[in-house]
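In this note's numbering, the protein residues as written are 8 to 601.
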């Protein structure tokens with residue numbers, strides 16, 4: 008289970024986040040060392056151009072004997088060669104950093120997807136889908152841009168600034184000191200503004216996630232229908248506008264903080280050349296060539312310094328995205344089930360005996376004073392039997408069904424399949440069909456084959472005939488290749504249930520749990536479908552959870568639950584003999600029989 012909310016990115020400190028960012032690049036240190044070497048050579052070659060400019064002024068153009076055209080041509084050729092070398096190194100560095108960046112982001116993205124995918128169902132019950140999408144899609148895109156563009160640019164700019172500054176001191180220490188006298192003030196402004204920008208970035212990312220959640224929920228088919236039914240479209244629009252306005256305000260504040268840094272840099276870049284000119288006037292031995300070369304170097308210094316300020320400001324914003332992604336990577340998923348050292352030889356279709364011993368279950372985060380969902384449940388479901396699980400709402404039927412399918416581990420006791428404890432889903436042994444089935448965007452055939460990728464067209468037709476949905480699918484223009492729409496919106500609730508039930512049959516597992524899987528069908532169709540399903544699954548274990556009793560005659564055993572416990576278990580007629588028992592009372596309440 009997860010110990011803290013992953014929606015709290017401040018749980019990771021910024022220094023800790025930076026250390027983790029550095030560790031992301033550890034597997035690629037060889038490539039990064041080569042990148043650094045390329046950047047150093049690139050910067051040195053770039054810095055050599057102003058020295059050529061100095062030689063052009065002092066010797067080729069304004070030498071003692073006048074212009075020296077052969078030397079000027081030689082220097083022009085050297086400048087052209089330097090430019091070609093710099094361009095080639097730039098291309099090589101771009102290719103290397105792009106490849107490293109994509110590998111780092113790919114590893115980060117896939118690790119986060121796998122970590123979230125292995126979280127318990129309680130995580131998805133509490134974490135909003137829009138938040139998950141924002142981190143997996145929005146935050147990783149922001150990180151991808153930072154890794155691909157921002158980090159290499161910072162590295163290149165730092166090296167270029169150091170090399171250019173060193174060359175400036177080589178030309179004239181006095182002029183270099185004048186050029187950098189205001190730098191500490193700019194760095195102070197940057198440091199203070201950066202912390203504010205980081206806080207605003209985290210708040211902005213939270214607001215974007217909230218906006219994504221509103222869009223995903225309120226513009227889904229169900230959310231749109233609900234808003235129209237209750238006349239709440241106006242309120243939903245107001246809520247969206249309020250969150251959008253909050254994000255807009257945060258973006259304005261972030262932009263102002265970033266601009267404050269850039270404005271300080273602009274003042275620095277504007278005043279510094281005049282300080283250099285004053286220093287040149289006060290310093291002896293400054294030749295025109297030296298001043299011209301220094302002017303070029305100043306531009307070469309200011310350009311990377313300006314980029315450092317701009318990119319570092321942007322990187323502060325990206326830190327929030329890194330913190331949110333690392334928040335998901337720090338989650339503790341469900342442990343993978345350990346394989347048996349000596350797996351038992353069990354036939355593909357059997358046996359499928361379920362055993363429940365002293366099982367209790369409390370949903371994560373539930374108040375300790377509230378009655379647990381299950382308490383002291385004992386149950387034996389023989390292999391190959393058909394068992395009906397009934398009880399009033401809130402009796403624990405669905406919770407027990409989820410435990411039988413391995414969707415939750417019990418908090419107390421044990422659930423066993425053929426003597427082996429169930430602690431996680433067993434896709435090849437147990438399948439569950441639920442009341443509100445999920446159909447993803449795609450065709451009917453794609454949704455069906457999700458349970459059995461190798462199923463043939465005849466297999467699809469067979470299971471759909473059993474669930475009485477084949478004629479409806481065959482009447483569509485594309486037949487089984489017809490789209491189902493967003494979450495199956497092109498089909499009715501009962502049709503979605505029958506498609507999902509056909510998918511569960513296609514899985515062909517020894518145990519099948521039906522959790523209100525036919526609740527949207529009319530009684531006659533439900534009876535026909537259930538009879539056909541049980542006939543198809545004869546000899547394999549089927550557990551059906553229901554509120555309705557029109558299919559009772561088809562089941563070997565009835566289990567009646569109340570208050571999270573098993574109140575009665577036995578053959579239908581035997582339970583009816585106890586006229587004061589839960590089962591008989593439920594029959595009378597539903598049928599009106601005496």
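Cβ atoms here follow ideal geometry from the backbone N, Cα and C, with glycine treated the same way.
Simplified DSSP assignment, three categories, for residue i
{"i": "residue 175", "result": "helix"}
{"i": "residue 448", "result": "coil"}
{"i": "residue 414", "result": "coil"}
{"i": "residue 37", "result": "helix"}
{"i": "residue 521", "result": "strand"}
{"i": "residue 211", "result": "helix"}
{"i": "residue 496", "result": "coil"}
{"i": "residue 483", "result": "coil"}
{"i": "residue 403", "result": "coil"}
{"i": "residue 526", "result": "coil"}
{"i": "residue 433", "result": "coil"}
{"i": "residue 556", "result": "coil"}
{"i": "residue 31", "result": "helix"}
{"i": "residue 255", "result": "helix"}
{"i": "residue 292", "result": "coil"}
{"i": "residue 409", "result": "helix"}
{"i": "residue 138", "result": "helix"}
{"i": "residue 461", "result": "coil"}
{"i": "residue 226", "result": "coil"}
{"i": "residue 346", "result": "Any reading at residue 346 needs caution, since the residue's pLDDT is 45, under 50, leaving its predicted position unreliable; the model's value is listed next. If DSSP states are grouped into helix, strand and coil, residue 346 belongs with coil."}
Cβ neighbour criterion (16 or more within 10 Å) applied to residue i
{"i": "residue 212", "result": "buried"}
{"i": "residue 626", "result": "This structure gives no information on residue 626, because the portion of the chain shown stretches from 8 to 601."}
{"i": "residue 179", "result": "buried"}
{"i": "residue 53", "result": "buried"}
{"i": "residue 271", "result": "buried"}
{"i": "residue 182", "result": "buried"}
{"i": "residue 29", "result": "exposed"}
{"i": "residue 531", "result": "exposed"}
{"i": "residue 347", "result": "In this predicted model, residue 347 has a pLDDT of only 45, less than 50, meaning its place in the structure is not dependable enough to derive any value."}
{"i": "residue 281", "result": "exposed"}
{"i": "residue 118", "result": "exposed"}
{"i": "residue 394", "result": "buried"}
{"i": "residue 522", "result": "buried"}
{"i": "residue 128", "result": "exposed"}
{"i": "residue 285", "result": "exposed"}
{"i": "residue 474", "result": "buried"}
Top-ranked residue by Cα proximity to residue i, from the options
{"i": "residue 368", "options": "262, 572, 218 and 552", "result": "572"}
{"i": "residue 331", "options": "545, 561, 523 and 141", "result": "141"}
{"i": "residue 496", "options": "583, 448 and 131", "result": "448"}
{"i": "residue 23", "options": "329, 458, 421 and 574", "result": "329"}
{"i": "residue 386", "options": "159, 360 and 124", "result": "360"}
{"i": "residue 527", "options": "40, 443 and 78", "result": "443"}
{"i": "residue 588", "options": "596, 480, 60 and 575", "result": "575"}
{"i": "residue 222", "options": "487, 245, 122 and 115", "result": "245"}
{"i": "residue 109", "options": "327, 79, 147 and 93", "result": "147"}
{"i": "residue 216", "options": "192, 251 and 184", "result": "251"}
{"i": "residue 265", "options": "254, 220 and 200", "result": "200"}
{"i": "residue 577", "options": "565, 583, 570 and 569", "result": "565"}
{"i": "residue 279", "options": "507, 481 and 192", "result": "192"}
{"i": "residue 90", "options": "76, 103, 31 and 48", "result": "48"}
{"i": "residue 1", "options": "36, 391 and 27", "result": "Lying before the first or after the last residue shown, residue 1 is absent from the chain, which here runs from 8 to 601."}
{"i": "residue 50", "options": "542, 76 and 162", "result": "162"}
{"i": "residue 153", "options": "169, 111, 219 and 172", "result": "111"}
{"i": "residue 151", "options": "116, 95 and 464", "result": "116"}
Sheet register partners of residue i (DSSP bridge)
{"i": "residue 331", "result": "DSSP lists no partner for residue 331."}
{"i": "residue 364", "result": "421"}
{"i": "residue 388", "result": "361"}
{"i": "residue 575", "result": "567"}
{"i": "residue 427", "result": "424"}
{"i": "residue 490", "result": "450"}
{"i": "residue 381", "result": "368"}
Element boundaries [alpha helix (DSSP H), containing residue i]
{"i": "residue 121", "result": "76-124"}
{"i": "residue 581", "result": "579-584"}
{"i": "residue 541", "result": "530-543"}
{"i": "residue 180", "result": "180-186"}
8 Å Cβ cutoff, residue i in contact with chain D
{"i": "residue 53", "result": "No chain D is part of this structure, which consists of one protein chain only."}
Host beta strand (DSSP E) of residue i (start-end)
{"i": "residue 476", "result": "No beta strand (DSSP E) contains residue 476, which DSSP labels as neither H nor E."}
{"i": "residue 147", "result": "Segment 147-152 is the alpha helix (DSSP H) holding residue 147; no beta strand (DSSP E) there."}
{"i": "residue 396", "result": "393-397"}
{"i": "residue 440", "result": "437-440"}
{"i": "residue 552", "result": "548-552"}
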